[in-house]
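Number of protein chains: 4
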Amino acid sequence: MIIVLKSGATEEQISHIVDKAQKLGLKANISRGVEKTVIGLIGPEDVLRVTPLEVFPGVEQVIPVLAPYKLVSREFQPKNTVIKIKDGIEIGGTKIAMIAGPCAVENYEGLRRIAKFVKAAGCNILRGGAFKPRTSPYDFQGLGEEGLKYLKEVGQEFDMATVTEVMDSRDIDLVSKYVDVLQIGARNMQNFSLLKGVGATYKPVILKRGISATVKEWLMSAEYILANGNFNVMLCERGIRTFETMTRNTLDINAVPLVKQLSHLPILVDPSHATGRWGLINSVSKAAVAAGCDGLLVEVHDNPEEALSDGPQSLVPKNFENLIKDLKRIADAVDRTI
Amino acid sequence: MIIVLKSGATEEQISHIVDKAQKLGLKANISRGVEKTVIGLIGPEDVLRVTPLEVFPGVEQVIPVLAPYKLVSREFQPKNTVIKIKDGIEIGGTKIAMIAGPCAVENYEGLRRIAKFVKAAGCNILRGGAFKPRTSPYDFQGLGEEGLKYLKEVGQEFDMATVTEVMDSRDIDLVSKYVDVLQIGARNMQNFSLLKGVGATYKPVILKRGISATVKEWLMSAEYILANGNFNVMLCERGIRTFETMTRNTLDINAVPLVKQLSHLPILVDPSHATGRWGLINSVSKAAVAAGCDGLLVEVHDNPEEALSDGPQSLVPKNFENLIKDLKRIADAVDRTI
Amino acid sequence: MIIVLKSGATEEQISHIVDKAQKLGLKANISRGVEKTVIGLIGPEDVLRVTPLEVFPGVEQVIPVLAPYKLVSREFQPKNTVIKIKDGIEIGGTKIAMIAGPCAVENYEGLRRIAKFVKAAGCNILRGGAFKPRTSPYDFQGLGEEGLKYLKEVGQEFDMATVTEVMDSRDIDLVSKYVDVLQIGARNMQNFSLLKGVGATYKPVILKRGISATVKEWLMSAEYILANGNFNVMLCERGIRTFETMTRNTLDINAVPLVKQLSHLPILVDPSHATGRWGLINSVSKAAVAAGCDGLLVEVHDNPEEALSDGPQSLVPKNFENLIKDLKRIADAVDRTI
Amino acid sequence: MIIVLKSGATEEQISHIVDKAQKLGLKANISRGVEKTVIGLIGPEDVLRVTPLEVFPGVEQVIPVLAPYKLVSREFQPKNTVIKIKDGIEIGGTKIAMIAGPCAVENYEGLRRIAKFVKAAGCNILRGGAFKPRTSPYDFQGLGEEGLKYLKEVGQEFDMATVTEVMDSRDIDLVSKYVDVLQIGARNMQNFSLLKGVGATYKPVILKRGISATVKEWLMSAEYILANGNFNVMLCERGIRTFETMTRNTLDINAVPLVKQLSHLPILVDPSHATGRWGLINSVSKAAVAAGCDGLLVEVHDNPEEALSDGPQSLVPKNFENLIKDLKRIADAVDRTI
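Residue numbers (this note's numbering), protein chains in the order written: chain A, 1 to 338; chain W, 339 to 676; chain Y, 677 to 1014; chain R, 1015 to 1352.
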């Protein structure tokens, strides 16, 4: 922790800070500059996190030196985390995971038809929403438990792992009974009750980045899950909110290699939400794989005209097949497989 | 709903859309322009919300004409909503509400000391967090039910109404037992389970704007609460996330009169979170009152050096007294009182 | 300048940095923490600005301690700058300046009519664009020198000071001949040739904040003008670009008191561009004055239906009169006049 | 153009708008909905651009149907533009252009050394700044004409095309004498005088996207250059400003395929500015090529410790060689070459 003092800070103010630091078991190192004095505090920064040094008289700025996350950091675990989803299905290794399916589970037949197709196209993880977070209370809110049952049944029929979103800490047990992977949506990235709740399970978790979360905040949310005992966390970049309006969100492609540097956790990309336009998905999916992501979440629908949500960003089967074909070539160019 | 077609849209594509519209009970009005054709759909737009017209062949853009919110809109209720918090305490009328207190309830004595002071300064609503949403799992998470008890006890002693945040739908009943007003924090603005939950109570609710929520999304979140039966909703602008880093957030002052135009609900402003710097709070609070807000949420602490959270943005008693004094003059200049 | 080293930084890397610092005439102060080592460099930071210490082996982060601006800072000049625009017209003192007029000078008669009205309403500085920065090459680009002549003539007739935008360093001399105050538009805030150019004149300059400029960058742009010899600079907050789309821009009201703390220069607010909606201008103008601004730039047009630009954000005369009346009350509540 | 009226719009207000439209030579098509009336105006939208219909009584919203750009649009020219830079060097075809060199031309020997290296690595376009836009007036501002001479000399020696930034319309002729390609920097994307100036030359122009420019505004700036007669324009995505602070900017990878859909102009990517961290450049460069860009601008320096600007985002020769090697594989996977 570094404390920059105001130009006219007095000796008394300096002593006041140094005393406080010493009481907390830290060593204070004072550098008196030409214009400003700087105090470096040496020792565990955690004890300082709850001490608002900014309000001490004479303080201009407080700068933490250590990253606030620990368990998720690459310093804590240098080796990439590889998460076992199900027998024969892992995420975080050489093989890039393709997670595909409809935005929402709408009915049994539709889900089965899409699952059959994406499986045939070479994808072995099925996604589909049973509880849907919708901006409007008047929009389709998902089938709830019925949707979970369909997911489980269809997953078993085609030997696919399943992913669905959990929106409320009260639903964690219910959802966990039916699916293999729990997804935390962007709107709930800082729903700390929910994070603690999934942290108390052993289920693999996909943690989507909040629409305006910094990479640091996102890693801190993952830290909540790990700190509660569950290390099976995958991060998912799904586009951030910017001033640009022609796309639904802005895919932060920088975040892919950045997260790889900072953390050992796998990183996925959701090109559907990141663009909101199916016509851009092929290009940005190739970009995501080239940048080093460990998997993709893609919305697929065989009849987008009737989709109950996210039709405009869903790929029809033909385009999904082309996507897989194109991605195999990119994966190969970065020494990975799909 | 207006549908703009691509330049080369065919007659067959136009018929396809018109047929769909008619099946949904809508009338289609076709304008053939020099370069583009536009179809206006007349009838209840709600049936269209779940139909992804963007994916119909030939469609370039779909533009809704009606606002997606209804119950919160000024068209639905032209008159300002005035919410009764407790005997003698209302929000939304001529008197501007001052809601003050520590960020977190830290202990009984501290809360009591601050409450006594803010009451004496003329403020009759006490705020304090018992469940704290913290970015880091290692930070102080609040006293939980113990904090709620302190709030209730102190509120009764000084005859003040009380406000606290509820973070999890499982806690709504518990929190409701102890306090007068439930607060939904910025991070939970789109926690739809929580919104439905507080919608099912009769408690007054303060709904904070999400850190990157548009005004429209914010009103839609309020709509969730009203649509579930609770009309006692106050909106609270608390700063949005922008590229500026010298302040914790950017207070969107435009939103104050804008919300007043669009909605009948009261609008509050939280200058503490909106700036993150106590030195700016006096000025932006005056701005908020001048712009027409119905109340302010201000963090006050009598010893910020020991505050367990948000010390840097808390006012010390002396500054809070000055604030009240300055605000009275501004309130008077806009024909209101404090 | 503070240099945070990576966890595994070697003694050799530390020496390399210390050597470099000493060659530049700085003293290095090394703090060896539990996890990380930090080097504080003492001496003039300017010599370091061109030395990219981030790329030295072992360096994780470089943190400047001193603000990069000097002449604009309140530390350089504690007293508020008051700028004399013309005999009897000053900006930066107790009296809040009202600068009003049409967005663009469209013709002589229209300008004269509006000027006559705003003068009668109590405003003695006239604004009007002769060179217009327009997003589209097909939009009205302004009358050029003809517009400048009208401004001068009308300004003289009504004894008003005049303000107009200069967009190109080649036009500085021309524009200076005709008007009292040069305006640098938001799009040119980092047109450094233009900044140097106006810096070489003695003319008062209004420097608008760039649409996505941080306060620090904005002050640095002002520093360009002062560093070239012209201290007659006024800053103008005119709204920043955010994700919100219901308003043209987001007025950063926090910036008003923040700039007052950091700098001695006067700060103006442009509520017209900051909202883009005439219906919000009255409220946010009151907010700006309450927050402590030194003046307002307001677009006024007596026939917005025929305005060649910015009609939707122009006030008609009746509304401008009401604005002045309302602002007088707010100004009085903060011990100022209009 | 579509005009949505307010709920209570009167027949008189409707007639007023229809009359205005007819005077402008447009046909008005009125759709009376259940809640709102919508007027579609048919005919050339350009005549409406200067008519602020938003201010007409009864109007709620005005929605343009046609894109405001013409010459840059793919509808105007369906085929990709291929720009000839020099004999044997084209941009926009199958071969992806590598434009590399130091951020600033610092001295003759350094430039020569870097040029020799990047040429040997397979790159035939040399970049280097002679006029540098710097946030601080106290930073290195570039060598000016001397730098241009070095660029020309070194370019000739190694048979490379040359690119440099022009910051002021007064310098266009001078810069054009020395280099093959003019670059408009992000800060000048809406310096309309400069755009008109380079539009009047025949020189190829690289137009960088403004730090907070929408894709639409960027295309409009390109339209300025084409409308002034110069069709040799390349767009360059260089990262946009968002709330994320761990990277200098956020590379908008979505913009690459989006611009390809909307426009026939080549699109380049600058991974150096888009990340600000050399450790991310390899990954995001691969992403950019995978997403379909036509070229990359990469900052290379053989001694970043002594670089006068942008050291932290410059690649050292070894890393640049690796980049080229990696990119060849990605280019091959999307049927292109480097």
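In this text, a Cβ means the ideal position worked out from N, Cα and C, and glycines have one as well.
So what does DSSP say about residue i, is it helix, strand or coil?
i: Gln-651(W); result: helix
i: Ala-67(A); result: coil
i: Asn-1268(R); result: coil
i: Gly-199(A); result: helix
i: Lys-341(A); result: Since the displayed chain A opens at 1 and closes at 338, residue 341(A) lies outside it and no answer follows.
i: Ala-1288(R); result: helix
i: Leu-603(W); result: coil
i: Gln-1091(R); result: coil
i: Ala-438(W); result: strand
i: Gly-448(W); result: helix
i: Met-1248(R); result: strand
i: Gln-156(A); result: helix
i: Leu-1165(R); result: helix
i: Glu-582(W); result: coil
i: Gly-40(A); result: strand
i: Glu-688(Y); result: helix
i: Arg-392(A); result: Because chain A spans 1 through 338 in this model, residue 392(A) falls outside it and cannot be assessed.
i: Glu-1335(R); result: helix
Taking the C-alpha atoms as reference points, what is the distance between residue i and residue j?
i: Val-1079(R); j: Leu-343(W); result: 9 Å
i: Pro-204(A); j: Val-198(A); result: 9 Å
i: Val-18(A); j: Pro-57(A); result: 12 Å
i: Val-1303(R); j: Ser-1226(R); result: 23 Å
i: Asn-783(Y); j: Gly-1057(R); result: 28 Å
i: Ile-522(W); j: Met-505(W); result: 7 Å
i: Leu-1233(R); j: Gln-1204(R); result: 11 Å
i: Val-154(A); j: Pro-728(Y); result: 57 Å
i: Ile-1344(R); j: Arg-1350(R); result: 8 Å
i: Thr-162(A); j: Ser-73(A); result: 27 Å
Less than 8 Å between the CB atoms is what I'm expecting for residue i and residue j, so what's the real figure, rounded?
i: Phe-469(W); j: Glu-503(W); result: 6 Å
i: Asn-641(W); j: Gly-614(W); result: Not a contact, Cβ separation roughly 19 Å.
i: Met-922(Y); j: Lys-554(W); result: 7 Å
Check the Cβ-Cβ distances between residue i and every residue of chain R, and say whether any is below 9 Å.
i: Leu-382(W); result: Inspection of the sequence shows that residue 382(W) is occupied by Pro rather than by Leu. Yes, Pro-382(W) counts as interfacial toward chain R.
i: Glu-555(W); result: no
i: Gly-371(W); result: yes
i: Lys-374(W); result: yes
i: Leu-265(A); result: no
i: Gly-378(W); result: yes
Chain Y beta carbons: is any one of them nearer than 9 Å to that of residue i?
i: Val-342(W); result: no
i: Tyr-1216(R); result: no
i: Asp-1033(R); result: no
i: Ser-212(A); result: yes
If we cut at 9 Å on Cβ distances, does residue i have a partner in chain W?
i: Gln-190(A); result: yes
i: Ala-287(A); result: no
Is residue i close to chain A? Criterion is C-beta to C-beta, closer than 9 Å.
i: Asn-705(Y); result: yes
i: Gly-1136(R); result: no
i: Arg-1350(R); result: no
Original post:
Any residues in the stretch 315–333 of chain A with a beta carbon nearer than 7 Å to a beta carbon of chain W? Which ones, in chain order?
Top reply: Answer set for the stretch 315–333 of chain A: empty.
Original post:
In the stretch 1256–1272 of chain R, which residues sit with their C-beta less than 8 Å from some C-beta in chain W, listed in chain order?
Top reply: Within the stretch 1256–1272 of chain R, contact with chain W at the beta-carbon level (separation under 8 Å) is assigned to Thr-1256, Phe-1257 and Thr-1259.
**OP:** With 7 Å as the C-beta to C-beta threshold (strictly closer), list the residues of the stretch 60–89 of chain A near chain Y in chain order.
**Re:** Taking 7 Å as the Cβ-Cβ cut-off against chain Y, the residues of the stretch 60–89 of chain A that qualify are Ile-63, Val-65, Leu-66 and Glu-75.
**OP:** Compile a chain-ordered list of the residues in the stretch 968–988 of chain Y whose CB is closer than 7 Å to at least one CB of chain R.
**Re:** Within the stretch 968–988 of chain Y, the qualifying residues are Pro-980, Glu-981, Ala-983, Leu-984, Gly-987 and Pro-988.
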